[in-house]
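For reference, the structure discussed in these notes is given below.
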Amino acid sequence: MHLKLLLPFDQLKKWTHRLLCQRRCTLTKALLITTLLTVISFFVLNYHHGDWTMKPKKPQLSSPPAPITTCNLLNKAKIDRGPNNHDTQGNLRIGRKVLIMVDSPFSRNAKNIAASMEYSRYPYKIVDDEKNLPTLIHMGKGRFGVIIFETMSLYLSLDAWNRQLIDKYCREYNVGVIFFMKPKGELEVLMENMQDFSFSVQYNVALKDYSLNAASKVWRITKPGEVIKETFPEEDWAVFYPNHSTFEPLAFATQTVSLYDDYDPSSVTKNKTVYPAILDTGKNDGIQRVFFGHNFSFWLHSLLLLDSISFLSHGKLSLGLERHIQIDIDDIFVGAKGTRMKAHDVVALYEAQERLQEQVDGFRFMLGFSGWYYQHGTEEENAGDEMLLQYRNHFHWFPHMWRHEQPHKFTEDELHRNMYLNYQFAKDNKIPVLHQYAVAPHHSGVFPVHEPLYNAWKSVWDIRVTSTEEYPKLHPSWGRRGFVHSGIMVLPRQTCGLFTHTIFLNSYPGGPSRLERSINGGELFKAFLYNPLNIFMTHLSNYGNDRLALYTFESVIKFVQCWTNLKLVQKSPMDHAIKYFDMFPEEQAPVWKNPCDHDKHLEIWSPNKTCDKFPKFLVIGPQKTGTTALYTFLSMHPLIKSNYNSKDSFEELQFFSGNNYFNGIDWYLDFFPRPNNASTEMLFEKSAGYFDNSVVPKRAHALLPDARLICILISPAKRAYSWYQHMRAHGDPVALKNSFMKNHCFNTHLKERALKKTVSEPGFLISH
């Protein structure tokens with residue numbers, strides 16, 4: 001459309017002459033001129049850009065992207081020996097712990113190694129002072145199963161005594177060592193002869209075509225046979241040239257043109273096979289070692305390190321090969337118009353599920369629905385809703401909220417009514433719901449715990465399992481854990497890089513290459529590698545549009561199959577929960593964190609709750625030292641307020657030291673008044689049993705990290721006499737029958753008998 005069709009030129013000329021050529025200039029005329037110029041500019045710009053509607057352009061693809069196939073030898077026969085078993089029959093006198101020697105605990109390589117240990121749940125100790133080694137042996141047993149040096153140079157710089165000490169420990173207790181090579185600068189020596197180890201190292205080598213030695217017994221999780229075709233720059237790589245039969249290559253690569261070839265006359269012939277990782281089998285000096293020619297940032301080293309630790313610790317430090325996975329699709333029927341699934345997307349979902357069932361035993365997508373949004377899309381999207389119901393028996397379903405409500409904002413009665421509407425929707429539409437699993441929108445009410453949600457879940461749906469990414473907090477992802485509260489098992493949930501608005505590949509945050517890196521050895525791949533159970537969060541919109549979720553999961557599962565021997569399995573949420581807490585029983589008891597310490601937790605904490613009700617200090621005891629008197633005196637101060645009395649324990653809440661802890665934070669805060677002025681008034685509680693209970697410090701620090709502690713210490717003899725009188729006052733038969741001195745002597749006699757019996761037992765050792 002041309003401009004003259006909207007505003008004829010003659011008329012425009014006439015108006016312009018009237019406005020500009022008359023002598024008087026008024027404010028009205030000035031405004032008209034400005035408006036006219038604005039309108040003209042608007043149309044001219046749109047004319048040149050060819051978009052009169054000014055609607056934002058959505059990225060459009062002719063078809064959704066196909067999953068990435070990363071197996072280079074997918075259609076060729078390859079060596080597949082299966083996973084090696086590293087378990088050693090015999091008496092291993094080593095502990096299940098890793099010693100990590102680092103130049104600095106803040107270096108990137110050191111932090112990556114430590115994160116891998118955290119992810120694997122391996123106990124470890126970091127030492128950054130090579131002159132002060134930790135105790136290696138305790139009661140005739142080695143404390144560490146593997147030793148890792150962040151750099152080879154760190155080991156070589158040890159003084160003679162400490163180096164001999166480590167070598168002697170490794171030989172006597174059959175403990176292996178892992179080394180990473182530190183790159184050399186361009187002006188340093190590029191070829192170095194390691195006489196103590198019978199090999200040479202060439203630094204600053206550019207590599208390509210990285211592959212693994214399929215014959216090595218090191219591989220357990222890792223599946224050799226693939227080739228990484230990319231080219232690696234020379235700045236960070238070193239390769240090894242062994243000259244003893246004790247060495248065997250773990251990896252091969254082809255050396256390419258290097259910037260330093262002309263500088264270093266000893267450069268090896270280009271395009272020759274080199275070894276970027278080797279194993280010392282211990283034939284030379286009795287110590288097995290693994291050497292990596294690159295730091296831990298190379299994605300494949302995550303696999304190689306796990307297998308090296310397993311091999312060198314003789315299976316003592318080893319992850320299982322089975323991985324339980326579950327892919328949740330939240331927000332079924334929920335979503336803005338134009339972003340939801342259509343009928344052909346549902347068919348694609350079903351077809352992808354059939355393909356994934358060939359790779360994951362028992363696989364089915366888990367669909368979380370909010371019934372109120374059914375048929376709230378465009379005509380095509382409403383057809384997609386109908387198609388979901390037609391395919392309903394092919395998927396597993398679980399309840400979201402009726403209108404996608406955030407549970408922490410509602411009372412128990414309101415939650416009950418809303419859940420019942422969703423329940424009735426499922427019943428009317430014959431949706432096969434797994435009644436024992438549910439997920440709350442935005443993880444609301446799961447943690448921090450909103451008691452009405454747990455009660456309503458059990459009442460309406462008989463929920464026994466849920467999941468969240470917020471316990472104990474969102475980041476780091478490897479730190480997420482599970483817990484059990486009010487009879488409901490809460491499992492850790494993982495993200496996969498896809499969120500509600502992540503719907504087009506070309507607009508993926510950071511670009512499509514970032515998602516590919518996550519899939520090909522990055523964050524998403526490592527979730528499969530390290531976690532025995534992964535419950536992945538996705539959304540309805542991720543399966544429409546570019547179907548990014550199908551692209552992502554089919555790609556990463558294929559990558560896992562290409563490079564690992566992991567077996568992927570899906571079972572029911574209840575089976576997953578039972579399996580998880582069988583593996584990690586210590587996680588069943590929750591550790592309540594303070595919601596006020598994290599912005600995300602505050603967002604999903606009930607608005608009628610307040611941080612001001614947390615006590616500012618605790619009187620922790622011990623018993624019979626005058627804590628009750630102190631409690632009374634402090635309560636007299638106008639700016640100091642104590643908790644309300646408990647009907648079971650009077651003025652003591654005994655929250656951190658007993659079963660009251662499992663009642664949750666809401667129960668605890670209900671005993672405290674809301675201060676009139678939180679900046680001047682102070683809340684406190686007194687429980688004398690906190691002093692000598694081993695679980696209290698961890699629990700109290702988690703919930704009240706800034707609280708002050710008050711402890712009263714008196715003469716042990718006076719305290720013992722006070723306790724004797726306390727027991728008499730409570731009718732204890734032993735205290736009533738005997739005098740204080742007789743009780744004291746009787747108790748001392750019992751302790752001596754117990755000590756003699758213990759000393760006489762085999763293997764008992766007294767140390768001073």
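Each residue of the sequence shown is one higher than the one before, starting from 1 at the first, in the working numbering. Glycine included, C-beta positions come from ideal geometry on N, C-alpha and C. Predicted, not measured: the structure shown is a model, and the values here were computed from it.
How many Å lie between residue i and residue j at the Cα?
i    : j    : result
P590 : R699 : 9 Å
V290 : H301 : 12 Å
L319 : Y119 : 11 Å
D428 : Y420 : 12 Å
C711 : P622 : 7 Å
E172 : H485 : 47 Å
F398 : L529 : 27 Å
P224 : E248 : 15 Å
Q424 : L602 : 32 Å
I68  : F671 : 56 Å
E651 : L498 : 50 Å
I463 : K737 : 53 Å
Y454 : P448 : 12 Å
W219 : L279 : 12 Å
Y275 : K409 : 60 Å
When DSSP labels each residue in this structure, what does residue i get in the three-state scheme?
i    : result
V218 : coil
K718 : helix
Q288 : coil
Q810 : Beyond the ends of the chain as shown, which are 1 and 768, falls residue 810; an answer cannot be given.
S507 : helix
I68  : coil
Q357 : helix
C562 : helix
W592 : coil
I604 : coil
I431 : coil
Q195 : helix
H637 : coil
D670 : coil
I178 : strand
R392 : helix
H730 : coil
Which same chain residues end up closer than 7 Å to residue i when comparing Cβ atoms and leaving out the 5 residues on each side of it in sequence?
i    : result
S104 : A110, D128
G521 : W299, L300
N545 : T339, I503, F504
D345 : G384, Y543, G544, R547
E781 : Any answer about residue 781 is impossible in this case: the structure gives the chain only from 1 up to 768.
R96  : P123, G145, K316, L317
A549 : L498, T538, N542, Y543
With 16 as the cutoff for other CB atoms within 10 Å, does residue i come out buried or exposed?
i    : result
Y580 : buried
G286 : exposed
Y169 : buried
F149 : buried
T627 : buried
H400 : buried
H314 : buried
S63  : exposed
G487 : exposed
I147 : buried
S657 : buried
K337 : exposed
Once the 5 residues before and after residue i are set aside, which same chain residues still bring their CB inside 6 Å of it?
i    : result
R493 : S467, T468, E469, I535, M537
L703 : W592, N594
Y350 : Y391, H394
I557 : Q359
D666 : E451
Which partner residues of residue i appear in the DSSP bridge assignment?
i    : result
Q255 : L207
K142 : Sequence check: residue 142 is Gly here, not Lys. According to DSSP, G142 bridges with I94, I137.
H539 : D330
G315 : BP columns for G315 are empty, so no partner.
F240 : V201, Y275
L709 : L618
Q494 : F536
F650 : S646
Kindly list the residues whose CB is nearer than 8 Å to the CB of residue i, restricted to its own chain and excluding five residues on each side of it in sequence; keep chain order.
i    : result
K131 : D159, N162
T281 : T246, F247, E248, Q288
L639 : T680, E681, M682
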